[in-house]
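First comes the structure, then the notes that go with it.
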Amino acid sequence: MSTPAEALSGFMERQDVIGQTYVRAHWCQRQGATVDS
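Each residue of the sequence shown is one higher than the one before, counting from 8 in this note's numbering.
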């Protein structure tokens with residue numbers, strides 16, 4: 008079992024990746040919609 012600090016660090020890293028992926032997908036979707044219309 009990792010320490011709370013390590014667990015939190017790993018959790019934040021995962022959240023950051025998830026956030027980046029979501030923002031990138033959302034931005035691409037918006038750009039695509041803007042270009043298409």
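Where a beta carbon is used, it is the ideal one built from N, C-alpha and C, also for glycine.
Query raised in the report: If you run the structure through DSSP and keep just helix, strand and coil, what is S44?
Result: Confidence in S44 is poor, its pLDDT being 47 and thus under 50, which makes the residue's placement unreliable; the coordinate value appears in the next sentence. If DSSP states are grouped into helix, strand and coil, S44 belongs with coil.
Requested in this report: Below 6 Å CB to CB, which residues in the same chain sit around Q22 once its five sequence neighbours on both sides are set aside?
Outcome: none
Query raised in the report: In whole angstroms, what is the alpha-carbon distance linking E13 and Q27?
Result: 21 Å
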